[in-house]
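Visitor: If you read the sequence shown in the working numbering, its first letter stands for residue 75, the second for the next number, and so on.
Each residue gets a CB set at the ideal place from its N, CA and C atoms; glycine is no exception.
All figures in this text were calculated on a predicted structure; none of them were measured in a lab.
Submitted below is the structure of interest, expressed as structure tokens.
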Amino acid sequence: MSIDDFDFAKLIAPIDLNTFINEYWEKKPLIISRNQKNYYQDLLSVEDLDSILQYSKLKPPEIRVVKNQQDFLPDRYVKADGSLNLNQLYKAYYEDHTLVVNGLQNFWKPLAIYCQKLQNFFNHGVIANLYLSPKDSKGLSPHYDTHDVFVLQVDGSKEWQVHQCFQPVPLLGSFQPVIPENNLPKLLHTVCLQPGDLLYLPRGFVHHAATQESFSLHLTLGIYPTQWLDLMVNALTMLALKNQDLRKALPIGFLDKPEMLGEIKEQFDQLLQTFAEKSSIDEAMELIHDQFIHKITPIPDGHFQQVNLVDAIAPDTLVVKREGMRCRIVKKGFSISIQFPGNSINGGLHYREAMEFIAKQKEPFTAQMLPDSLKEEQKTQLISRLIRGGLLKTLQD
Numbered sequence: 075m076s077i078d079d080f081d082f083a084k085l086i087a088p089i090d091l092n093t094f095i096n097e098y099w100e101k102k103p104l105i106i107s108r109n110q111k112n113y114y115q116d117l118l119s120v121e122d123l124d125s126i127l128q129y130s131k132l133k134p135p136e137i138r139v140v141k142n143q144q145d146f147l148p149d150r151y152v153k154a155d156g157s158l159n160l161n162q163l164y165k166a167y168y169e170d171h172t173l174v175v176n177g178l179q180n181f182w183k184p185l186a187i188y189c190q191k192l193q194n195f196f197n198h199g200v201i202a203n204l205y206l207s208p209k210d211s212k213g214l215s216p217h218y219d220t221h222d223v224f225v226l227q228v229d230g231s232k233e234w235q236v237h238q239c240f241q242p243v244p245l246l247g248s249f250q251p252v253i254p255e256n257n258l259p260k261l262l263h264t265v266c267l268q269p270g271d272l273l274y275l276p277r278g279f280v281h282h283a284a285t286q287e288s289f290s291l292h293l294t295l296g297i298y299p300t301q302w303l304d305l306m307v308n309a310l311t312m313l314a315l316k317n318q319d320l321r322k323a324l325p326i327g328f329l330d331k332p333e334m335l336g337e338i339k340e341q342f343d344q345l346l347q348t349f350a351e352k353s354s355i356d357e358a359m360e361l362i363h364d365q366f367i368h369k370i371t372p373i374p375d376g377h378f379q380q381v382n383l384v385d386a387i388a389p390d391t392l393v394v395k396r397e398g399m400r401c402r403i404v405k406k407g408f409s410i411s412i413q414f415p416g417n418s419i420n421g422g423l424h425y426r427e428a429m430e431f432i433a434k435q436k437e438p439f440t441a442q443m444l445p446d447s448l449k450e451e452q453k454t455q456l457i458s459r460l461i462r463g464g465l466l467k468t469l470q471d
């Protein structure tokens, strides 16, 4: 199985998507035992870790050395040039410390590709972390996360204890206390994950893990959701841009004058009514889509060579979107733009049909296939601009 074939369906196999969404997503943990030790081999291996640490110039909090919930990253782990001292990290690992790499998708291309796939599938943010633990060790104390987590056991084994939910679907980024071991909620599962196994933990479920007779290398794929709260905040933001009452200051000295509370409550109720009547779900969704696209980082794929081919683009040149790209059409006044990760290309309103065609297109196409609202020369120029800008690539050698 290559990284190109590894999608979310493969991640949760043999559980089907509908079962996962209806029975597990944000509801309860899922444990999948596969007895397929090489199931995640295209994502990461123990052998890959040396190269990641050597060449990525990781700094805290991207790199952590932990033991029993304590971080250890003194100067001896970092050389004068800013690179990590691998010999000291080997020593720390041998002395029962767990190595953690946060945001591994920023340093390892296979995970960058896979996290982008998951982002486009979920429409939520995705961050990959790595945990390498020696045998007979425990890095983190019992806790819960405010984001959903998929645990992928890559190599070795680790025993996990999963307890009842401490707080159902907690607010993303909210305070998450370490739970004392003498005050843990009811134990739900004890499972020893083997290579190829999966554990899904909805946010809020308390968990902790430790190695025993084997080392452990596992990945966590954290799903950072856009919540209903975010949708409402964005709707309120868009309404405030048009309604000055929402932008006015609270009365001077309001914290020190309790007699003002009645007046403030009356105005608050009026603004709530305004929000209920005039907020726009469409505008809020557009703002969220804009934010989502801005957070996506294009995957490096040799695009400089594509730029070399721009001047040779012809009406019959076959082109396609770069892997993982998504785009949307934005109309502003008398101009139209196609927005995509890292860039946007603008044009007059007569470009709208062509840009909408490209935005929706999933299969290879040519400039000749664009709508006739553009002249032939304009079609080819638009394709060239979108290759140079980073949305499209040619399929020619």
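Could you tell me the boundaries of the beta strand (DSSP E) in which GLN235 lies?
Guide: Counting along the chain, the beta strand (DSSP E) containing GLN235 begins and ends at 232-239.
Visitor: How is TYR98 classed by DSSP in three states: helix, strand or coil?
Guide: Of the three classes helix, strand and coil, the one that applies to TYR98 here is helix, per DSSP.
Visitor: Let me check one thing: in DSSP terms, what residues is VAL265 bridge-paired to?
Guide: TRP234, per the DSSP bridge assignment.
Visitor: So within the region 94-176, which uninterrupted alpha helix (DSSP H) runs reach at least 4 residues, ignoring any that extend past its ends?
Guide: Within the region 94-176, the complete alpha helix (DSSP H) runs of at least 4 residues are 120-129, 160-168.
Visitor: At what residues does the alpha helix (DSSP H) containing GLN452 begin and finish?
Guide: Looking at the DSSP string, the run of the alpha helix (DSSP H) that includes GLN452 is 450-463.
Visitor: Give me, in chain order, the residues of the same chain whose beta-carbon lies closer than 6 Å to that of PHE195; leave out the 5 immediate sequence neighbours on both sides.
Guide: Here the set comprises PHE82.
Visitor: Per DSSP, PHE58 is paired with what?
Guide: Residue 58 falls outside the range modelled here, since the chain spans only 75 to 471, and no answer is possible.
Visitor: Please report how far the alpha carbon of LYS316 lies from the alpha carbon of LEU345, in whole angstroms.
Guide: Cα to Cα, LYS316 sits roughly 13 Å from LEU345.
Visitor: Give the straight-line distance between the Cα atoms of ASN382 and GLN470, rounded to the nearest whole angstrom.
Guide: If you take the alpha carbons of ASN382 and GLN470, they lie about 12 Å apart.
Visitor: Relative to the C-alpha of VAL265, which candidate in SER231, LYS467, ASP210 has its C-alpha closest?
Guide: For VAL265, the nearest C-alpha among the options comes from SER231.
Visitor: Tell me whether the beta-carbon of GLY421 lies closer than 9 Å to the beta-carbon of LEU466.
Guide: No; because the gap between Cβ atoms is not below 9 Å, this pair is not in contact.
Visitor: Excluding the 5 residues flanking TYR164 on each side, which residues of the same chain have their C-beta closer than 8 Å to its C-beta?
Guide: The answer is none, since no qualifying residue turns up.
Visitor: From the DSSP secondary-structure annotation, give me the bridge partner or partners of HIS217.
Guide: Looking at the DSSP assignment, HIS217 forms a beta bridge with HIS281.
Visitor: In terms of residue numbering, what span does the beta strand (DSSP E) encompassing HIS292 cover?
Guide: 290-298 is the span of the beta strand (DSSP E), which, as asked, contains HIS292.
Visitor: Could you say which of HIS292, THR285, THR220 lies nearest to LYS111 if we only look at CA atoms?
Guide: Ranking HIS292, THR285, THR220 by Cα distance to LYS111 puts HIS292 first.
Visitor: Report the partner residues of ALA202 according to the DSSP bridge assignment.
Guide: Its beta-bridge partners are LEU295.
Visitor: Checking the sheet assignment: what are the DSSP bridge partners for ARG402?
Guide: According to DSSP, ARG402 bridges with GLN413.
Visitor: Using the rule of at least 16 other Cβ atoms within 10 Å of the residue's Cβ for burial, across every protein chain shown, is HIS237 buried or exposed?
Guide: By the 10 Å Cβ count, HIS237 comes out buried.
Visitor: Return the CA-CA distance between ILE201 and PRO299, expressed in angstroms with no decimal places.
Guide: About 11 Å.
Visitor: With distances taken Cα to Cα, identify the nearest neighbour of ILE355 among LEU310, VAL384, THR391, GLY247.
Guide: For the residues LEU310, VAL384, THR391, GLY247, the minimum Cα distance to ILE355 belongs to LEU310.
Visitor: Do ALA283 and GLU340 have their C-beta atoms within less than 9 Å of each other?
Guide: Going by C-beta atoms, ALA283 is not nearer than 9 Å to GLU340.
Visitor: Indicate whether the contact test is met: 3 or more Cβ pairs, each with one atom in the region 102-118 and one in the region 262-279, closer than 8 Å.
Guide: Short answer: they touch.
Visitor: Could you tell me the alpha carbon to alpha carbon distance between LYS141 and TYR168, rounded to whole angstroms?
Guide: Roughly 12 Å separates the two Cα atoms.
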